[in-house]
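Counting from 11, one number per residue, gives the positions in the sequence shown under the working numbering. Don't be surprised by glycine CBs; every beta carbon is placed ideally from N, CA and C. Treat the numbers as computed from the prediction; the structure is a model and nothing was measured.
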Amino acid sequence: MPSIPRVAASSTPVCSCPLLSAPSPALLVTSPRGAISLSTPFRPAWWLSNPHLSTMWGKFFRAPPPVETQVERWDTPDGDRLDIVRTEGTPHDAHAPTFLLLHGLEGSMRSHYTAGTLHAAQQQGWQSNLLLFRTCNGKLNDAPRTYHSGETADLDCVVDRLLADRPLAPLIVAGVSLGANVLLKWLGEQGDAARARVTAATAVSAPFDLALSSAHLDRGFSRLYVWNFLASLKAKALAKIAQYPGLADPERVKAADTLWAFDDAFTAVVHGFVDAADYYYRSSSIRYLHQIRVPTLLLSARDDPFHPPHILDEVARLAAMNPHLHLEFTRRGGHVGFVEGVTPARAEYYMERRIVDFGAAQLDRRAALRPMEAPASPG
Numbered sequence: 011m012p013s014i015p016r017v018a019a020s021s022t023p024v025c026s027c028p029l030l031s032a033p034s035p036a037l038l039v040t041s042p043r044g045a046i047s048l049s050t051p052f053r054p055a056w057w058l059s060n061p062h063l064s065t066m067w068g069k070f071f072r073a074p075p076p077v078e079t080q081v082e083r084w085d086t087p088d089g090d091r092l093d094i095v096r097t098e099g100t101p102h103d104a105h106a107p108t109f110l111l112l113h114g115l116e117g118s119m120r121s122h123y124t125a126g127t128l129h130a131a132q133q134q135g136w137q138s139n140l141l142l143f144r145t146c147n148g149k150l151n152d153a154p155r156t157y158h159s160g161e162t163a164d165l166d167c168v169v170d171r172l173l174a175d176r177p178l179a180p181l182i183v184a185g186v187s188l189g190a191n192v193l194l195k196w197l198g199e200q201g202d203a204a205r206a207r208v209t210a211a212t213a214v215s216a217p218f219d220l221a222l223s224s225a226h227l228d229r230g231f232s233r234l235y236v237w238n239f240l241a242s243l244k245a246k247a248l249a250k251i252a253q254y255p256g257l258a259d260p261e262r263v264k265a266a267d268t269l270w271a272f273d274d275a276f277t278a279v280v281h282g283f284v285d286a287a288d289y290y291y292r293s294s295s296i297r298y299l300h301q302i303r304v305p306t307l308l309l310s311a312r313d314d315p316f317h318p319p320h321i322l323d324e325v326a327r328l329a330a331m332n333p334h335l336h337l338e339f340t341r342r343g344g345h346v347g348f349v350e351g352v353t354p355a356r357a358e359y360y361m362e363r364r365i366v367d368f369g370a371a372q373l374d375r376r377a378a379l380r381p382m383e384a385p386a387s388p389g
């Protein structure tokens with residue numbers, strides 16, 4: 011029987027932030043000290059007035075653009091492996107940017123936004139990559155642990171590899187939902203050190219406060235999302251317990267009917283947290299925002315059914331004290347939706363364009379700020 015090593019949870023010192031209760035009426039919030047010119051503001055599709063329709067449209071009705079990719083398997087320091095989806099055709103220019111995308115909970119290359127985002131980045135001339143979190147490639151990984159909202163070691167490993175493969179290329183990173191939380195937490199953990207590694211980052215529909223998000227998802231129609239997540243999460247967890255008997259209590263996993271119950275029975279146990287509350291507290295990205303030192307766009311909708319809107323007011327308060335954070339909080343858009351277009355047949359996806367536009371703007375800004383090297387005087 012395989013041994014069951016336990017994974018120590020991160021203990022990086024961070025701050026605790028109280029929440030505000032009243033939602034802001036603002037359509038768009040930007041950091042006043044970090045404002046830069048970006049693309050046209052979001053124009054939500056009139057035919058998707060319900061936030062749940064905005065959230066589910068892409069999953070059920072979108073035909074993603076064709077993207078030629080290859081999958082590479084990279085070794086990890088703990089003896090496991092990660093799958094990286096890479097777009098075909100590495101740019102001939104060694105200075106062409108590298109782009110990395112982090113997907114959401116139980117996401118994959120089949121998620122409606124992944125192919126679209128990789129395609130948009132590739133069209134910009136960037137070498138594009140998708141990190142598939144452990145177990146999200148359709149197979150069980152070898153190690154006991156899987157992935158979770160605060161697990162940043164794999165991201166750190168992949169960033170190192172991408173920079174080593176293309177040392178002259180600037181790196182742009184985007185995260186979606188769970189991947190956005192992972193990205194923001196990692197950027198906060200890195201602090202000033204991230205400046206030498208990442209040029210720009212975008213976090214789309216980040217949960218920010220995992221406990222609030224988990225509780226919010228247990229209400230009303232949002233329960234449908236929970237049931238969908240739990241179906242695959244519980245199946246993977248039970249397979250992992252069969253792979254490593256004694257890793258967690260299978261009966262508690264089977265009985266879990268909320269994300270909190272599942273995370274208490276499996277995620278926290280396997281990954282070294284005391285319980286779900288400890289996992290949520292120590293992994294929530296809102297506690298790391300003040301430490302971010304890389305230009306970072308936070309794109310979220312106030313009608314996102316995955317979290318209460320008042321969490322965005324606390325994020326805005328923190329961003330006002332950090333010039334590296336650029337906020338775009340729209341009234342509509344749902345969760346990872348942000349659908350535009352005059353008719354369903356002409357739907358467009360603002361999120362993907364915004365990720366590319368923000369990265370391109372930061373590349374231009376960096377080029378403008380870079381000191382010009384004076385030619386050497388003739389001897």
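Practice prompt. Hey, could you find the ends of the alpha helix (DSSP H) Leu-243 is sitting in?
Written response: Along the sequence shown, read from residue 1 onward, the residue named residue 243 stands at position 233. 233 to 253 is the span of the alpha helix (DSSP H), which, as asked, contains Leu-243.
Item to complete: Would you mind sorting Pro-217 into buried or exposed? The rule is 16 or more other CB atoms within 10 Å of its CB.
Response: As a first step, residue 217 is located in the sequence shown; it is residue number 207 there, counting from the start. Label assigned to Pro-217: buried.
Worksheet item: Which partner residues of Arg-8 appear in the DSSP bridge assignment?
Response: In the structure as shown, the chain starts at 11 and stops at 389, and residue 8 therefore has no counterpart that could be examined.
Worksheet item: In chain order, what residues of the same chain have a beta carbon less than 6 Å from the beta carbon of Leu-299, not counting five sequence neighbours either side?
Response: Taking the first residue of the sequence shown as position 1, residue 299 is located at position 289. Excluding positions up to five away in sequence, the list reads Leu-328.
Item to complete: Rounded to whole angstroms, what's the CA-CA distance from Ala-204 to Pro-305? Just pull it up for me.
Response: For the purposes of this step, residue 204 is taken as the residue at position 194 of the sequence shown. For the purposes of this step, residue 305 is taken as the residue at position 295 of the sequence shown. The alpha-carbon atoms of Ala-204 and Pro-305 are separated by roughly 10 Å.
Item to complete: With DSSP as the reference, please indicate the residues paired to Tyr-359 in a beta bridge.
Response: On the sequence shown, position 349 is the one that residue 359 refers to. DSSP, once it has assigned bridges, lists Val-349 as partnering Tyr-359.
Worksheet item: Would the stretch 188 to 195 and the stretch 247 to 258 be scored as touching if the rule is three or more Cβ pairs under 8 Å?
Response: No, because fewer than three Cβ pairs between the stretch 188 to 195 and the stretch 247 to 258 fall closer than 8 Å, the two stretches do not touch.
Worksheet item: What is the DSSP secondary structure of Arg-176, reduced to helix, strand or coil?
Response: Numbered from 1 along the sequence shown, position 166 holds the residue referred to as residue 176. If DSSP states are grouped into helix, strand and coil, Arg-176 belongs with coil.
Discussion item. Buried or exposed for Phe-52, going by 16 or more other Cβ atoms inside 10 Å?
Written reply: For the purposes of this step, residue 52 is identified with residue 42 of the sequence shown, where counting begins at 1. Label assigned to Phe-52: buried.
Worksheet entry | Gly-185, DSSP secondary structure in three states | Numbered from 1 along the sequence shown, position 175 holds the residue referred to as residue 185. It is a strand residue.
Fill in: Own chain partners of Glu-350 with C-beta closer than 6 Å, once the 5 adjacent residues on each side are dropped
Taking the first residue of the sequence shown as 1, we reach residue 350 at position 340. Cβ neighbours of Glu-350 beyond the five flanking positions: Arg-53, Ala-55, Glu-358 and Tyr-360.
Practice prompt. Decide yes or no for the touch test of the stretch 333 to 342 against the stretch 173 to 180: beta carbon pairs closer than 8 Å, at least 3 of them.
Written response: no
Worksheet item: Can you give the beta carbon distance from Trp-136 to Pro-107, rounded, assuming they're within the 8 Å contact cut?
Response: Your numbering for residue 136 matches position 126 in the sequence shown. Your numbering for residue 107 matches position 97 in the sequence shown. With a Cβ gap of about 5 Å, Trp-136 and Pro-107 count as contacting.
Worksheet entry | Status (buried if at least 16 other CB within 10 Å, exposed otherwise) for Glu-98 | Against the sequence shown, residue 98 aligns to sequence position 88. Glu-98 is exposed by the Cβ-count criterion.
Worksheet item: Roughly how many whole angstroms lie between the Cα atoms of Pro-87 and Leu-165?
Response: By one-based count along the sequence shown, residue 87 stands at place 77. By one-based count along the sequence shown, residue 165 stands at place 155. Pro-87 and Leu-165: Cα-Cα distance of roughly 12 Å.
Worksheet item: Does the beta-carbon of Gly-344 have 16 or more other beta-carbons within 10 angstroms, so that it is buried, or is it exposed?
Response: Locating residue 344 in the sequence shown gives position 334, counting from the first residue. Around the C-beta of Gly-344, 16 or more other C-beta atoms lie within 10 Å, and the residue is accordingly described as buried.
Item to complete: Output the distance between the C-alpha atoms of Phe-109 and Pro-101, rounded to the nearest integer angstrom.
Response: For the purposes of this step, residue 109 is taken as residue 99 along the sequence shown, with counting starting at 1. For the purposes of this step, residue 101 is taken as residue 91 along the sequence shown, with counting starting at 1. About 12 Å.
Practice prompt. Please state whether DSSP places Ala-311 in a helix, a strand or coil.
Written response: Along the sequence shown, read from residue 1 onward, the residue named residue 311 stands at position 301. Here Ala-311 sits in strand by DSSP.
Discussion item. My output table needs one value for Thr-145: the three-state DSSP class, helix, strand or coil.
Written reply: Counting from 1 along the sequence shown, the entry for residue 145 is found at position 135. Coil, per DSSP.
Worksheet entry | Rounded C-alpha distance that separates Ala-330 from Ala-370 | Residue numbering aside, residue 330 sits at position 320 when the sequence shown is read from its first letter. Residue numbering aside, residue 370 sits at position 360 when the sequence shown is read from its first letter. Roughly 23 Å between the two C-alpha positions.
Worksheet item: What are the boundary residues of the beta strand (DSSP E) that includes His-122?
Response: Working through the sequence shown from its first residue, we reach residue 122 at position 112. Run containing His-122: none in the beta strand (DSSP E); it sits in the alpha helix (DSSP H), 122 to 133.
Worksheet entry | Same chain only: Cβ atoms within 7 Å of Phe-368, ignoring 5 sequence neighbours per side | The sequence position of residue 368 within the sequence shown is 358, counting from 1. Cβ neighbours of Phe-368 beyond the five flanking positions: Leu-48, Ala-210, Thr-212 and Leu-307.
Worksheet item: What residue from Lys-69, Thr-340 and Leu-194 has the CA that sits closest to Pro-9's CA?
Response: Lying before the first or after the last residue shown, residue 9 is absent from the chain, which here runs from 11 to 389.
Worksheet item: Where Arg-297 and Leu-141 are concerned, what is the direct C-alpha to C-alpha distance, given to the nearest angstrom?
Response: Counting from 1 along the sequence shown, the entry for residue 297 is found at position 287. Counting from 1 along the sequence shown, the entry for residue 141 is found at position 131. Between Arg-297 and Leu-141, the alpha-carbon positions lie close to 24 Å from each other.
Practice prompt. Go through its chain and collect everything with a Cβ distance to Phe-276's Cβ below 6 Å, but skip five positions before and after it.
Written response: To locate residue 276, count along the sequence shown from 1; it is residue 266. Closer than 6 Å at the Cβ level, and outside the excluded window around Phe-276, lie Ala-247, Ala-258 and Val-263.
Practice prompt. Taking all protein chains shown into account, decide if Val-366 is buried (16 or more other Cβ within 10 angstroms of its Cβ) or exposed.
Written response: Here residue 366 is taken as the residue at index 356 of the sequence shown, counted from 1. By the neighbour-count criterion, in which 16 or more other beta carbons inside 10 Å mark a residue as buried, Val-366 falls on the buried side.
Item to complete: Report back the beta-carbon spacing between His-122 and Lys-195 to the nearest angstrom; my notes put them in contact at under 8 Å.
Response: Here residue 122 corresponds to residue number 112 of the sequence shown, with the count starting at 1. Here residue 195 corresponds to residue number 185 of the sequence shown, with the count starting at 1. About 25 Å; that fails the 8 Å criterion.
Worksheet entry | Continuous beta strand (DSSP E) stretch holding Ala-330: start and end | To locate residue 330, count along the sequence shown from 1; it is residue 320. First-last for Ala-330: undefined, no H or E at that position.
Worksheet item: Cα-Cα, which of Leu-112, Asp-228, Gly-198 and Ala-179 is closest to Ala-271?
Response: Indexing the sequence shown from 1 puts residue 271 at position 261. Cα-wise, what sits closest to Ala-271 is Asp-228.
Discussion item. Using DSSP's beta-bridge definition, name the partner residues of Arg-91.
Written reply: Position 81 of the sequence shown, counted from the first residue, corresponds to residue 91. In the DSSP assignment, the residues bridged to Arg-91 are Asp-85.
Worksheet item: Could you give the residue range of the beta strand (DSSP E) that holds Leu-110?
Response: In the sequence shown, counting from the first residue as 1, residue 110 sits at position 100. From DSSP, the beta strand (DSSP E) with Leu-110 extends over 108 to 112.
Item to complete: Could you give the DSSP three-state label for Pro-54: helix, strand or coil?
Response: Translated into positions along the sequence shown, residue 54 becomes position 44. Looking at Pro-54 - three-state DSSP - the assignment turns out to be coil, as it is neither helix nor strand.
Worksheet item: Which value, in whole angstroms, describes the spacing of the CA atoms of Ser-223 and Val-214?
Response: For this step, residue 223 is matched to residue 213 along the sequence shown. For this step, residue 214 is matched to residue 204 along the sequence shown. Roughly 15 Å separates the two Cα atoms.
Worksheet item: Who are Leu-337's beta bridge partners in DSSP?
Response: Within the sequence shown, numbered from 1, the residue matching residue 337 stands at position 327. Leu-337 is bridged to Leu-308.
Item to complete: Classify Gln-372 as buried or exposed, calling it buried when 16 or more other Cβ atoms lie within 10 Å of its own Cβ.
Response: For this step, residue 372 is matched to residue 362 along the sequence shown. Classification of Gln-372: buried, given that the 10 Å Cβ count is 16 or more.
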